[in-house]
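All remarks here apply to the structure that follows.
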Amino acid sequence: MKEKIEILENAIYTANEVRQILGISGEKIRNFLKSGQLKSVRIGKAYKILGKDILQLLENLKLEAEKQKEK
Numbered sequence: 014m015k016e017k018i019e020i021l022e023n024a025i026y027t028a029n030e031v032r033q034i035l036g037i038s039g040e041k042i043r044n045f046l047k048s049g050q051l052k053s054v055r056i057g058k059a060y061k062i063l064g065k066d067i068l069q070l071l072e073n074l075k076l077e078a079e080k081q082k083e084k
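Just so we're on the same page, the working numbering is the position in the sequence shown counted from 1, plus 13.
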């Protein structure tokens with residue numbers, strides 16, 4: 014069973030950490046960043062992402078999935 018990881022609202026995560034936490038590909042993370050679905054700050058070549066923005070992304074994805082079920 015996969016270990017649950019708590020996402021802290023005020024913690025700062027790298028794109029790679031978010032990829033590992035969510036279990037998704039680097040390409041998917043880049044798509045979320047480019048589309049603005051996942052807010053971030055770019056410092057040099059690295060993206061820094063607040064935990065609250067990860068939680069917001071998850072909430073938005075959950076709402077989208079619920080809307081799809083209703084159709």
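Just so it is clear, CB atoms sit at the ideal spot from N, CA and C, and this is done for glycine as well.
Quick one: what does DSSP say isoleucine 56 is sitting in, helix, strand or coil? Taking the sequence shown and counting its residues from 1, one reaches residue 56 at position 43. Reduced to three states, the DSSP call for isoleucine 56 is strand.
Isoleucine 37 (DSSP reduced to helix, strand or coil): Translated into the one-based positions of the sequence shown, residue 37 becomes position 24. Isoleucine 37: coil per DSSP, three-state reduction.
Could you tell me the boundaries of the beta strand (DSSP E) in which isoleucine 25 lies? Within the sequence shown, the letter at position 12 stands for residue 25. Counting along the chain, the beta strand (DSSP E) containing isoleucine 25 begins and ends at 25-27.
Beta-bridge pairing of leucine 63 - partner residues as DSSP gives them: Within the sequence shown, residue 63 is the residue found at index 50, counting from 1. Beta-bridge pairing by DSSP links leucine 63 to Ile25.
Three-state secondary structure (DSSP) of isoleucine 18: Position 5 of the sequence shown, counting from 1, holds the residue named residue 18. Three-state DSSP puts isoleucine 18 in coil, outside helix and strand.
Distance between threonine 27 and alanine 59 (C-alpha atoms, nearest Å): Here residue 59 is taken as the residue at index 46 of the sequence shown, counted from 1. Here residue 27 is taken as the residue at index 14 of the sequence shown, counted from 1. Taking the straight line joining both Cα atoms gives about 7 Å.
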